[in-house]
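Input: a single structure, listed below in structure tokens.
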Amino acid sequence: MPNFAITPMVLVIPVLFTMIFLELLVSYLKGMKVYRLQDTVTSVNTGLLSQFVNSTGAIISVFMYGTIEQKFGAFEWNVQNPSTWIFSLLLYDFLYYWVHRTGHEVNIFWAAHITHHSSEEFNISTAMRQASTGFYFKWVFYIPLAVLGIPLQVFIVVGLVDLLYQVWVHTQIVGKLGWLEKFLVTPSNHRVHHGQNDYCIDKNYGGIFSIWDQLFGTFAIEREEEPIVYGIRKPLNSWNPVWGNLHYYYLIIKSVKRQDSFSKKLMCVFGEPAWQGEGAQSQKSESPSVDTYKKFSTSPPVWVNLSGL
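Numbers 188 to 496, taken from our numbering, label the letters of the sequence shown in order.
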């Protein structure tokens with residue numbers, strides 16, 4: 188059990204830094220500007236913070252999964268059989284779709300996931316901008332795997348594979364990939380997921396496979412005629428990784444206090460992010476345009492820069 192008590196992203200970080208360097212090189216050769224220093228440093232800082240905070244969440248997740256699998260696992264699985272791994276990866280990715288979708292469509296879960304979407308750039312470093320909250324509940328979504336008896340080591344490995352795959356789709360230097368777009372998550376359809384254009388909102392939740400989005404009506408194709416504006420409708424306007432993790436919880440608390448009934452207070456927490464209660468200022472605005480959208484830009488404090496080196 189202790190061998191697995193490690194946050195998956197810790198294993199991914201060296202891969203991320205290598206890919207960031209390669210993306211910087213390729214984008215430079217292509218004459219593309221896809222990185223900004225302040226944004227990249229904030230993404231790295233946010234990622235490092237999440238690893239520090241989420242280490243206990245990883246231990247809890249592994250412990251709970253292992254306990255449920257040992258006590259309630261219904262079937263024996265042969266880890267030497269490729270079908271065990273294929274089935275486990277497919278089911279994991281299906282469940283991840285619902286983890287991800289819940290993270291966008293339930294306010295309290297969006298409060299955690301919004302951290303990942305707060306960057307106004309889209310590059311490999313964005314994959315590092317992970318939340319320091321939310322890790323403690325995600326394991327609940329994967330209980331079906333444990334109940335089916337999928338061994339803990341299989342769960343760990345397919346989860347890592349699913350996570351690693353999602354790193355490379357955070358890029359603008361790869362165009363559409365033809366027939367692969369029909370069933371895999373690609374950089375093109377993940378760019379849509381990170382957009383704040385109207386047609387991008389709440390789309391493309393898949394981790395590896397886009398078939399879940401197509402089955403459940405959340406799939407959208409990147410539009411060449413409408414360049415994507417990345418980020419969130421109400422910009423974070425901060426380079427502080429702690430505030431990046433907590434700012435939406437603060438907004439929820441303020442919203443709850445304004446409500447005049449218990450049901451409305453519950454809606455502030457468990458309703459859709461688009462739900463507007465009493466005294467709320469709408470987050471909904473016109474679909475942004477790359478021609479008019481102004482990105483947040485300041486010189487961050489020296490300590491912020493240094494902490495990301």
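For each residue, glycine too, the CB sits at the ideal point set by N, CA and C.
For clarity, every value in this text was computed on a predicted model and none was experimentally measured.
- In the DSSP annotation of this structure, the continuous segment of the alpha helix (DSSP H) that includes H377 starts and ends at 374-380.
- Secondary structure note for W297: its alpha helix (DSSP H) is the uninterrupted segment 294-304.
- DSSP places V240 in the uninterrupted alpha helix (DSSP H) bounded by 224-259.
- For I207, the CB contacts under 7 Å within the same chain, skipping 5 residues up- and downstream, are I311, S312 in chain order.
- Beta-bridge pairing by DSSP links L371 to F396.
- Taking a contact to require three or more Cβ pairs closer than 8 Å, the region 418-435 and the region 299-319 qualify as touching.
- With fewer than 16 other beta carbons inside 10 angstroms of its own, G362 counts as exposed.
- Within the DSSP bridge table, the entry for Y417 names G382 as partners.
- Here I408 is exposed, its C-beta having fewer than 16 other C-beta atoms within 10 Å.
- Sorting V293, S248, D389, L276 by C-alpha distance to the C-alpha of F457 places V293 at the top.
- Linking R410 to N384 through their CA atoms gives a straight-line distance of about 10 Å.
- Excluding residues up to 5 positions away in sequence, P422, N424 lie with their Cβ nearer than 6 Å to the Cβ of F483 in the same chain.
- Where Y437 is concerned, the enclosing alpha helix (DSSP H) starts and stops at 428-445.
- E412 sits exposed, since fewer than 16 C-beta atoms from the chains shown fall within 10 Å of its C-beta.
- The DSSP-derived three-state label of W462 is coil.
- By the CB criterion at 8 Å, R316 and S230 fall inside the cutoff.
- Under the three-state reduction of DSSP, K452 is assigned to helix.
- Per DSSP, reduced to three states, the secondary structure at P422 is coil, with no helix or strand assignment.
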